[in-house]
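Enquirer: Have a look at this one before I ask anything.
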Amino acid sequence: MDLNQLRTFVTVASLGNLTRASERLFLSQPAVSAQLKQLESELGVGLFTRSARGMQLTVAGEQLRAEAEAALDAAERLKARASRLRADEVAGELRLGTVSEPAILRLTDTLGRLVERHPGLVLKLAQRVSGEALEQLADGRLDAAWVMGEVDDARLASLTLGRLDLVVTAPAAWAARLDGADWDAVSALPWISLVPHCSLTATAARVFADRRSQLRPAPVQPDNEVSLRNLVAAGHGLALLRADLASAGVADGTLAIWPGLRESIALRFAYPRQGADSPRLAALIDAVRASWALPDDDRAVAA
Numbered sequence: 001m002d003l004n005q006l007r008t009f010v011t012v013a014s015l016g017n018l019t020r021a022s023e024r025l026f027l028s029q030p031a032v033s034a035q036l037k038q039l040e041s042e043l044g045v046g047l048f049t050r051s052a053r054g055m056q057l058t059v060a061g062e063q064l065r066a067e068a069e070a071a072l073d074a075a076e077r078l079k080a081r082a083s084r085l086r087a088d089e090v091a092g093e094l095r096l097g098t099v100s101e102p103a104i105l106r107l108t109d110t111l112g113r114l115v116e117r118h119p120g121l122v123l124k125l126a127q128r129v130s131g132e133a134l135e136q137l138a139d140g141r142l143d144a145a146w147v148m149g150e151v152d153d154a155r156l157a158s159l160t161l162g163r164l165d166l167v168v169t170a171p172a173a174w175a176a177r178l179d180g181a182d183w184d185a186v187s188a189l190p191w192i193s194l195v196p197h198c199s200l201t202a203t204a205a206r207v208f209a210d211r212r213s214q215l216r217p218a219p220v221q222p223d224n225e226v227s228l229r230n231l232v233a234a235g236h237g238l239a240l241l242r243a244d245l246a247s248a249g250v251a252d253g254t255l256a257i258w259p260g261l262r263e264s265i266a267l268r269f270a271y272p273r274q275g276a277d278s279p280r281l282a283a284l285i286d287a288v289r290a291s292w293a294l295p296d297d298d299r300a301v302a303a
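All residue numbers for the sequence shown refer to UniProt numbering, where the first residue is 1 and numbers rise by one.
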């Protein structure tokens with residue numbers, strides 16, 4: 001016997017009418033009748049009698065109805081369990097490096113998609129500057145990371161998520177000093193850099209090198225953008241800062257922007273080429289693509 005026959009039996013028994021049962025099952029009446037006859041033949045007992053009131057269960061039918069319903073319930077539980085097992089196939093630990101703020105990375109959306117689809121995953125997040133994250137990807141200490149800047153290591157692949165604008169930011173109290181100032185005047189002021197291996201530090205160094213200028217470092221060195229912004233606002237020096245953070249600081253009266261320079265930096269999602277097809281990492285890549293609306297044929301590149 002098959003489950004379709006049992007489902008037909010239970011539906012006809014519940015509705016007591018062949019026409020309504022066929023409509024409920026999206027089958028023709030002859031098909032419903034044929035399934036009932038096949039089931040009765042296999043069981044060796046009659047299940048229904050026809051009367052003016054419709055289809056009536058026989059004594060045997062009454063006794064077997066509960067068994068048929070239990071069998072259908074068991075089949076549904078089996079399917080549900082199999083579905084959970086399929087979801088749980090992608091399980092285990094993912095070690096992820098992050099830079100900047102979660103909103104910039106669309107981190108909440110990405111990880112929400114991932115754990116909803118694969119509840120067996122354990123996600124361990126660690127804040128890293130980009131250079132440090134790339135080193136840890138290459139030597140196996142991280143499984144994937146969001147980074148800023150270039151990904152030059154041939155062992156790594158990356159998805160380009162977008163570009164972030166950078167501007168020269170100063171304390172609001174220095175706004176008058178910046179008004180009409182040229183690069184020579186601006187570059188002579190103290191500049192705050194993030195820790196080594198940070199992409200913003202590398203970008204600032206390139207800006208100074210391109211202009212054959214000498215960077216005058218401030219005596220403070222933060223390890224994240226929020227601290228960098230706060231140190232600039234407190235008057236410790238200038239810095240290359242994300243344009244959105246700088247604009248927010250201008251709006252709240254704590255920062256000023258020098259309009260003479262604007263840079264941009266790539267935001268990327270990076271991961272080791274070897275092992276990119278593993279179920280865990282493939283699931284994460286799919287979630288990143290979905291969060292950023294990247295096409296499926298957007299190839300990852302060492303960029």
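In this text, a Cβ means the ideal position worked out from N, Cα and C, and glycines have one as well.
#1: Can you grab the Cα-Cα spacing for the pair residue 140 / residue 121, in whole Å?
#2: Evaluate the contact criterion for the region 240–248 versus the region 161–175: three or more CB pairs, one atom per stretch, below 8 Å.
#3: Residues in the same chain with beta-carbon distance under 6 Å from residue 35, minus the five sequence neighbours each way, listed in chain order, please.
#4: Once you ignore the five residues that flank residue 283 on each side, which residues in its own chain have a CB closer than 8 Å to its CB?
#5: Going by other Cβ atoms of all chains shown within 10 Å of its Cβ, with 16 needed for buried, is residue 237 buried or exposed?
#6: For residue 221, which residues from the same chain have a beta carbon less than 8 Å from its beta carbon, with the 5 sequence-adjacent residues on both sides left out?
#7: Between residue 156 and residue 289, is the Cβ-Cβ spacing less than 8 Å?
#8: Can you give me the C-alpha to C-alpha distance between residue 177 and residue 171, rounded to a whole angstrom?
#9: Which of helix, strand or coil does DSSP assign to residue 165?
#10: Is it true that the CB of residue 97 sits closer than 8 Å to the CB of residue 266?
#11: Could you spell out the range, first to last residue, of the alpha helix (DSSP H) harbouring residue 102?
#12: Pull the bridge partners of residue 192 from the DSSP assignment, please.
#13: What distance in whole Å lies between the Cβ atoms of residue 129 and residue 151, which are believed to be in contact at a cut-off of 8 Å?
#14: Roughly how many whole angstroms lie between the Cα atoms of residue 59 and residue 79?
#15: Just mark residue 26 as buried or exposed, buried being the case when its beta carbon has 16 or more other beta carbons within 10 Å.
#16: Since residue 12 and residue 18 are thought to touch, with beta carbons under 8 Å apart, how far apart are those beta carbons, to the nearest angstrom?
#17: Between 270, 187, 109, which has its C-alpha nearest residue 136's C-alpha?
#18: I need the straight-line Cα distance from residue 209 to residue 203, nearest angstrom please.
#19: List the endpoints of the continuous alpha helix (DSSP H) containing residue 330.
#20: I'd like the list of long-range same chain contacts for residue 106, defined as Cβ closer than 6 Å, with 5 residues on each side in sequence excluded.
#21: Taking the C-alpha atoms as reference points, what is the distance between residue 63 and residue 22?
#22: What's the C-alpha gap between residue 31 and residue 75?
#23: What alpha helix (DSSP H) runs, 4 residues minimum, are completely inside the UniProt domain "HTH lysR-type" (1–58)?
#24: So residue 144 and residue 111 are supposed to be a Cβ contact under 8 Å. How far apart are they, rounded?
Expert: So, to answer that:
#1: Your numbering for residue 140 matches position 140 in the sequence shown. Your numbering for residue 121 matches position 121 in the sequence shown. Residue 140 and residue 121 have their alpha carbons spaced roughly 18 Å apart.
#2: yes
#3: Position 35 of the sequence shown holds residue 35. For residue 35, where only same-chain residues beyond five positions count, the Cβ hits under 6 Å are 5, 8.
#4: In the sequence shown, counting from the first residue as 1, residue 283 sits at position 283. Residues of the same chain with a CB within less than 8 Å of the CB of residue 283, apart from the 5 flanking positions on each side, are 90, 114, 117, 118, 121 in chain order.
#5: Start at 1 with the first residue of the sequence shown, and residue 237 comes out as number 237. With 16 or more other Cβ atoms within 10 Å, it is buried.
#6: Walking along the sequence shown from the start, residue 221 turns up at place 221. Here the set comprises 192, 193, 194, 195.
#7: In the sequence shown, counting from the first residue as 1, residue 156 sits at position 156. In the sequence shown, counting from the first residue as 1, residue 289 sits at position 289. It is not a contact, given that the beta carbons lie outside the stated cut-off.
#8: Mapped onto the sequence shown, residue 177 falls at position 177. Mapped onto the sequence shown, residue 171 falls at position 171. So the two alpha carbons sit approximately 10 Å from each other.
#9: The residue you call residue 165 lines up with position 165 of the sequence shown. Three-state result, residue 165: strand.
#10: As a working note, residue 266 is residue 266 in the sequence shown. As a working note, residue 97 is residue 97 in the sequence shown. Not closer than 8 Å, so no.
#11: Taking the sequence shown and counting its residues from 1, the one referred to as residue 102 is at position 102. Start and end: 102–105.
#12: In the sequence shown, counting from the first residue as 1, residue 192 sits at position 192. Bridge partners of residue 192: none, in fact.
#13: For this step, residue 151 is matched to residue 151 along the sequence shown. For this step, residue 129 is matched to residue 129 along the sequence shown. So it is not a contact: roughly 14 Å between Cβ atoms.
#14: The residue given as residue 59 occupies position 59 in the sequence shown. The residue given as residue 79 occupies position 79 in the sequence shown. So the two alpha carbons sit approximately 31 Å from each other.
#15: Numbered from its first residue, the sequence shown carries residue 26 at position 26. With fewer than 16 Cβ atoms within 10 Å of its Cβ, residue 26 is classed as exposed.
#16: Here residue 12 refers to the residue found at position 12 when the sequence shown is read from its first residue. Here residue 18 refers to the residue found at position 18 when the sequence shown is read from its first residue. Yes, they are in contact, since the Cβ atoms of residue 12 and residue 18 sit about 7 Å apart, within 8 Å.
#17: Numbered from its first residue, the sequence shown carries residue 136 at position 136. With distances taken between Cα atoms, residue 136 lies closest to 270.
#18: In the sequence shown, counting from the first residue as 1, residue 209 sits at position 209. In the sequence shown, counting from the first residue as 1, residue 203 sits at position 203. Spanning the two alpha carbons is a distance of roughly 10 Å.
#19: Here the chain covers residues 1 to 303 and nothing more, so residue 330 does not appear.
#20: One-based indexing of the sequence shown puts residue 106 at position 106. So the list reads 291, once near-sequence residues are dropped.
#21: As a position in the sequence shown, residue 63 is number 63, starting the count at 1. As a position in the sequence shown, residue 22 is number 22, starting the count at 1. So the two alpha carbons sit approximately 23 Å from each other.
#22: Translated into the one-based positions of the sequence shown, residue 31 becomes position 31. Translated into the one-based positions of the sequence shown, residue 75 becomes position 75. Between residue 31 and residue 75, the C-alpha separation is close to 22 Å.
#23: 3–15, 18–25, 29–43
#24: Taking the sequence shown and counting its residues from 1, one reaches residue 144 at position 144. Taking the sequence shown and counting its residues from 1, one reaches residue 111 at position 111. 12 Å between Cβ atoms; not a contact.
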